[in-house]
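Visitor: Mapping the sequence shown onto the working numbering, position 487 (from 1) lands on 865, and the numbers just tick up by one.
Can you keep this structure in mind? I'll have questions shortly.
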Amino acid sequence: MQKADGLLNLLINVPESIRNEIIYGYGIGNVEETNIELIILYSGTPEVMEEKINAIGGTFEDLDFGYGIITIPRGDIEKLIGIREINYIELPKNLFLSFEPSNRASCITEVNTNYGLEGEGVLIGFIDSGIDYVNQSFRLENGDTRIDFIYDLYENRRIYTREEINAALRSPDPYSLVPHFDRAGHGTHVAGIACAGGNIPRRFYGVAPKSSIAMVKMTREIGGQGAKSTQLMRGIKFLIDKAYELNKPLVINISFSTNDGAHTGNSLLEQYIGIVSTVQRVNIVVAAGNEGDRAHHVGGELVKSQEIRFNVGIDERVLIIQLFKSFLKDINLNLISPSGTSSGELRLTNALNQGRIGNTEYFVFNTGPTPFSIDGEIIIVLSGVGEESIASGIWTMNMTTNENVLGSYDMWLPIAEGLNIATRFLGPSTANTLGIPGTVPDVITVGSYNFINSTISPFSGRGNAELNPVKPDLVAPGENIESSTPGGGFEPRSGTSMATPQVAGACGLLMEFGIIEGNDPYLYGERVKYFLLKGANR
Numbered sequence: 379m380q381k382a383d384g385l386l387n388l389l390i391n392v393p394e395s396i397r398n399e400i401i402y403g404y405g406i407g408n409v410e411e412t413n414i415e416l417i418i419l420y421s422g423t424p425e426v427m428e429e430k431i432n433a434i435g436g437t438f439e440d441l442d443f444g445y446g447i448i449t450i451p452r453g454d455i456e457k458l459i460g461i462r463e464i465n466y467i468e469l470p471k472n473l474f475l476s477f478e479p480s481n482r483a484s485c486i487t488e489v490n491t492n493y494g495l496e497g498e499g500v501l502i503g504f505i506d507s508g509i510d511y512v513n514q515s516f517r518l519e520n521g522d523t524r525i526d527f528i529y530d531l532y533e534n535r536r537i538y539t540r541e542e543i544n545a546a547l548r549s550p551d552p553y554s555l556v557p558h559f560d561r562a563g564h565g566t567h568v569a570g571i572a573c574a575g576g577n578i579p580r581r582f583y584g585v586a587p588k589s590s591i592a593m594v595k596m597t598r599e600i601g602g603q604g605a606k607s608t609q610l611m612r613g614i615k616f617l618i619d620k621a622y623e624l625n626k627p628l629v630i631n632i633s634f635s636t637n638d639g640a641h642t643g644n645s646l647l648e649q650y651i652g653i654v655s656t657v658q659r660v661n662i663v664v665a666a667g668n669e670g671d672r673a674h675h676v677g678g679e680l681v682k683s684q685e686i687r688f689n690v691g692i693d694e695r696v697l698i699i700q701l702f703k704s705f706l707k708d709i710n711l712n713l714i715s716p717s718g719t720s721s722g723e724l725r726l727t728n729a730l731n732q733g734r735i736g737n738t739e740y741f742v743f744n745t746g747p748t749p750f751s752i753d754g755e756i757i758i759v760l761s762g763v764g765e766e767s768i769a770s771g772i773w774t775m776n777m778t779t780n781e782n783v784l785g786s787y788d789m790w791l792p793i794a795e796g797l798n799i800a801t802r803f804l805g806p807s808t809a810n811t812l813g814i815p816g817t818v819p820d821v822i823t824v825g826s827y828n829f830i831n832s833t834i835s836p837f838s839g840r841g842n843a844e845l846n847p848v849k850p851d852l853v854a855p856g857e858n859i860e861s862s863t864p865g866g867g868f869e870p871r872s873g874t875s876m877a878t879p880q881v882a883g884a885c886g887l888l889m890e891f892g893i894i895e896g897n898d899p900y901l902y903g904e905r906v907k908y909f910l911l912k913g914a915n916r
């Protein structure tokens with residue numbers, strides 16, 4: 379199916395047992411669920427699209443700009459081929475939070491004090507694990523909330539307004555009125571870094587302590603499992619719509635990332651975020667991810683013959699490796715297990731290669747060129763047979779080509795939070811470890827540095843130095859950052875998740891100065907990024 383991404387094509391072609399392993403193991407859905415969500419790019423009107431999806435037993439949600447989410451029975455995916463208005467289909471990407479289990483360093487204190495900027499009139503939106511709305515960090519001095527909306531995508535699709543939250547805060551049992559919790563604590567911590575204020579010690583104030591707040595909850599788990607790119611896209615549309623309704627300039631903070639994709643900005647998720655960034659009065663600030671030192675990327679020049687070795691940890695049930703290469707180079711692969719058993723040479727001119735090495739099955743799918751990538755992608759799946767796990771130990775992938783043209787390749791394992799810690803490439807590259815959607819050119823991508831010794835954090839995702847613009851755009855303090863926690867306390871956390879809200883808060887201050895105070899009505903988007911980059915130390 380040429381108008382579908384590689385992983386979706388693979389799911390269509392593999393046996394049901396393997397399909398279920400991939401769906402469950404990578405957070406695409408639960409095995410018990412009969413429906414699947416898909417992202418589409420379409421032409422025509424939303425009304426026509428909804429009618430055609432309903433006719434095949436699915437549902438349709440419009441995201442604007444020609445993007446949408448459809449929910450359809452798994453067995454009916456191929457019916458989408460006949461809908462000519464659908465231009466491309468993408469499986470949701472599984473997203474993970476970017477944190478590791480100061481304001482003064484970022485010069486925020488001087489801006490708050492000397493210019494009186496504290497984010498007032500600006501809406502800072504978070505798509506995260508929820509927020510402890512009873513926490514004093516997010517309330518005014520009189521006890522009222524600073525939260526305009528909570529949209530609980532994870533639990534019940536409920537939207538809670540400022541009025542409902544205030545009624546809950548005045549109640550002896552607030553959770554009986556607004557049953558919203560941040561069980562992971564991540565969203566509360568991130569929002570505190572950007573926005574904490576009110577009746578708490580001044581040293582714990584966020585960058586924009588008088589800003590308004592909106593929280594979209596799309597996961598409740600510590601590692602972020604259960605967060606899908608469809609939820610992220612729903613959250614972005616919600617925040618855009620509510621900012622327009624409130625007539626407030628908007629900053630969106632995204633602390634999730636994934637390795638699922640070519641990292642070139644071509645996926646539907648990346649394209650959607652890019653369009654929103656350029657046509658709305660918004661700044662989208664995205665974490666660079668924590669893959670810098672995780673050994674989940676390898677890449678370089680594609681030569682006649684090369685050996686790529688990777689270790690598979692124990693109890694790994696299914697492993698997906700994504701390979702992207704120059705289209706001019708046709709390649710062959712040979713997979714060799716830790717015991718030395720080989721798959722034999724696999725010619726990747728075929729769409730699907732499959733076989734078995736001991737207690738491990740392999741599936742290799744080559745999409746060929748797609749409407750958005752001349753290079754296409756190659757999906758390599760290892761899966762334990764039956765109840766077995768993948769053979770643990772060092773695997774070898776021999777990659778050969780008979781062509782003499784220049785070419786390059788990149789290969790990614792999933793994000794660290796989705797893997798056994800021992801599953802990694804041997805001889806990895808730290809370049810191109812930036813997480814998606816930090817790869818979108820128009821967003822502000824934030825890495826982490828240690829503000830005590832002024833060094834880049836080892837975990838902070840790195841970009842591709844050969845691409846323009848260079849990513850991440852800038853770094854902010856991301857190690858041992860103290861902020862609010864559910865229940866009213868404060869604790870330090872580390873990760874690019876902690877660096878990102880400092881920049882989101884700084885965007886809020888600039889938008890207050892420009893838009894709210896009338897000094898520059900166009901101070902958003904690339905213009906805000908310009909001033910942040912000009913003011914950053916080098």
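The beta-carbon is built from N, C-alpha and C at its ideal position, and this holds for glycine as well.
Bear in mind that the values here come from a model prediction, so they are computed numbers and not experimental data.
1. For N858, which residues in the same chain have their Cβ closer than 7 Å to its Cβ, ignoring the five residues on either side in sequence?
2. Go through its chain and collect everything with a Cβ distance to D442's Cβ below 7 Å, but skip five positions before and after it.
3. Within this structure, are the beta carbons of V759 and N737 separated by less than 7 Å?
4. If we define contact as Cβ-Cβ less than 7 Å, is K849 a contact residue for chain C?
5. Where does T449 sit, in a helix, a strand or coil, going by DSSP?
6. For A483 and G913, I'd like the C-alpha separation in whole angstroms.
7. Quick one: what's got a C-beta closer than 6 Å to Y900's C-beta in the same chain, skipping five residues either side?
8. Reducing DSSP to helix, strand and coil, say where N544 ends up.
9. Counting along the chain, where does the alpha helix (DSSP H) carrying D619 start and finish?
10. Just the C-alpha distance for G503 and I591, rounded to the nearest angstrom, thanks.
11. Report back the beta-carbon spacing between N465 and L419 to the nearest angstrom; my notes put them in contact at under 8 Å.
12. What separation, rounded to the nearest whole angstrom, lies between the Cα atoms of S607 and D506?
13. Among L887, S715, N520, T539, which residue has its Cα nearest to the Cα of E623?
14. Give the DSSP-derived three-state secondary structure of K849 in the structure shown.
15. I need the straight-line Cα distance from Q609 to M596, nearest angstrom please.
16. Using CA coordinates, which residue listed in I894, L713, D753 is at the minimum distance from F741?
17. Helix, strand or coil for Y650 per DSSP?
18. Using three-state DSSP, classify K595 as helix, strand or coil.
19. To which residues does DSSP link I525 through a beta bridge?
20. What do you reckon, are the CB atoms on T811 and H675 nearer than 7 Å?
21. Please report how far the alpha carbon of E669 lies from the alpha carbon of I799, in whole angstroms.
22. Pull up the distance between the alpha-carbon of G453 and that of R672, whole angstroms please.
23. Our contact map puts T874 next to S832 with C-beta atoms below 8 Å; I'd like the distance itself, whole angstroms only.
24. G825 bridges to which residues according to DSSP?
25. With a threshold of 16 other CB atoms inside 10 Å of the CB of K588, please say whether the residue is buried or exposed.
26. To the nearest angstrom, how far is the alpha carbon of P749 from that of P393?
Guide: Put simply:
1. Same-chain partners within the cutoff: P870, S872.
2. In its chain, beyond the 5 residues on either side, K615 have a beta carbon closer than 7 Å to the beta carbon of D442.
3. When the beta-carbon positions are compared, V759 and N737 stay at least 7 Å from each other.
4. Among the protein chains of the structure shown there is no chain C, as only one such chain exists.
5. DSSP, reduced to helix, strand and coil, places T449 within a strand of the structure shown.
6. Residue placement at A483 cannot be trusted, given a pLDDT of 45 that sits under 50; the coordinates are not used to answer.
7. Shown here for Y900: not one same chain residue has a beta carbon closer than 6 Å to its own, the five before and five after excluded.
8. Helix at N544.
9. For D619, the enclosing alpha helix (DSSP H) covers residues 607–624.
10. If you take the alpha carbons of G503 and I591, they lie about 6 Å apart.
11. Taking the Cβ atoms as the reference, N465 lies roughly 5 Å from L419, within the contact range of under 8 Å.
12. Looking at the two C-alpha atoms, the distance is approximately 12 Å.
13. Of the listed residues, the one whose Cα sits closest to E623 is T539.
14. K849 falls in the coil class under three-state DSSP.
15. Looking at the two C-alpha atoms, the distance is approximately 6 Å.
16. Comparing Cα positions, the closest option is L713.
17. Here Y650 carries a helix assignment [DSSP, helix/strand/coil].
18. Correct three-state label for K595: strand.
19. As DSSP reads the structure, I525 sits in a beta bridge with I591.
20. In contact: T811 and H675 (Cβ atoms closer than 7 Å).
21. When rounded, the distance between both Cα atoms is 12 Å.
22. Each residue's CA atom was taken as its position, placing G453 and R672 some 36 Å apart.
23. About 17 Å; that fails the 8 Å criterion.
24. Beta-bridge partners of G825 (DSSP): V853.
25. K588 should be labelled buried.
26. The alpha-carbon separation between P749 and P393 amounts to approximately 27 Å.
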